[in-house]
Amino acid sequence: MSSNSDELLQVFLRQRSESSFRKLYRCHTPALFAMAMRLCGTTTSAEELTQDTWCRAVERIKRFERKSRFRTWLVGILINCYRESVRDAVRMPQASESELAHLSVAAITPLRKPDDQQADVLDVERALSALPPGYKEVVLLHDLGGYTHREIAAMLDISDGTSKSQLKRGRERLRTFLVNRSADSAGTRGLS
Numbered sequence: 023m024s025s026n027s028d029e030l031l032q033v034f035l036r037q038r039s040e041s042s043f044r045k046l047y048r049c050h051t052p053a054l055f056a057m058a059m060r061l062c063g064t065t066t067s068a069e070e071l072t073q074d075t076w077c078r079a080v081e082r083i084k085r086f087e088r089k090s091r092f093r094t095w096l097v098g099i100l101i102n103c104y105r106e107s108v109r110d111a112v113r114m115p116q117a118s119e120s121e122l123a124h125l126s127v128a129a130i131t132p133l134r135k136p137d138d139q140q141a142d143v144l145d146v147e148r149a150l151s152a153l154p155p156g157y158k159e160v161v162l163l164h165d166l167g168g169y170t171h172r173e174i175a176a177m178l179d180i181s182d183g184t185s186k187s188q189l190k191r192g193r194e195r196l197r198t199f200l201v202n203r204s205a206d207s208a209g210t211r212g213l214s
């Protein structure tokens, strides 16, 4: 994968053609989109984030120094775009509780009861979304993306030690959330 990616990048840098970009895009977009989905939680937001990442990457392609893999560089851009979108969302006015009161519980409740495996996946997704951004980014990049602490440190502009401590703390919070969730589920099942 890495040598193919490097070849595609070289072809794009030489030709600057639409077809060479399309090949590079197809090679990297699935991984970028998967990471964006984990960060954002919705398809629309993940698509926007992936698109913003590619736009910024094309603008800055001449700055790519090859100190890291191209995908690592792209994920770094994705993380920065995500952080900007979070900052922008914080600045936007939020709906008040009274404005949200008209939403019915049925609109947000699944129509069918998920099986245990689906429930476990949903619990992990909820736990990930509850993590502070720094922990969430490192856990996703390390545990799901397979990046090393050195690569994560370069992407997020933090030290290796910070990456390691955020991974440890993020995993601890995930574990606590999931253990508490499991205990809550066991208590509810006993009541039925």
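Residue numbers for the sequence shown follow my numbering, beginning at 23 and rising by one.
Positions of the beta carbon are idealized from the N, C-alpha and C atoms, including for glycine.
Alpha-carbon to alpha-carbon, residue j and residue i
{"i": "Val15", "j": "Ser42", "result": "Residue coverage of the chain in this structure runs from 23 to 214, which leaves residue 15 outside it and unanswerable."}
{"i": "Ser39", "j": "Glu81", "result": "15 Å"}
{"i": "Gly168", "j": "Arg93", "result": "12 Å"}
{"i": "Leu144", "j": "Ser204", "result": "12 Å"}
{"i": "Gly192", "j": "Ser27", "result": "31 Å"}
{"i": "Leu153", "j": "Leu196", "result": "8 Å"}
{"i": "Leu46", "j": "Thr64", "result": "24 Å"}
{"i": "Gln37", "j": "Val201", "result": "53 Å"}
Pair within 8 Å by beta-carbon distance, residue i and residue j
{"i": "Leu178", "j": "Glu159", "result": "yes"}
{"i": "Pro155", "j": "Val112", "result": "no"}
{"i": "Lys190", "j": "His171", "result": "no"}
{"i": "His164", "j": "Ile180", "result": "no"}
{"i": "Ala149", "j": "Phe199", "result": "yes"}
{"i": "Ser67", "j": "Ala176", "result": "no"}
Below-8 Å beta-carbon distance, residue i vs any chain B residue
{"i": "Arg172", "result": "No chain B appears in this structure, which consists of one protein chain only."}
Exercise for the section: Counting only runs of 4+ residues fully inside the segment 28-81, write out the alpha helix (DSSP H) ranges in chain order. Expected result: The alpha helix (DSSP H) runs of length 4 or more contained entirely in the segment 28-81 are, from start to end of the chain, 40-62.
Exercise for the section: Could you say if the segment 40-59 and the segment 67-86 meet the contact criterion of at least three C-beta pairs nearer than 8 Å? Expected result: These segments touch.
Problem - Complete runs of the alpha helix (DSSP H) confined to the segment 175-210 [at least 4 residues] - result: Runs of the alpha helix (DSSP H) inside the segment 175-210: none found.
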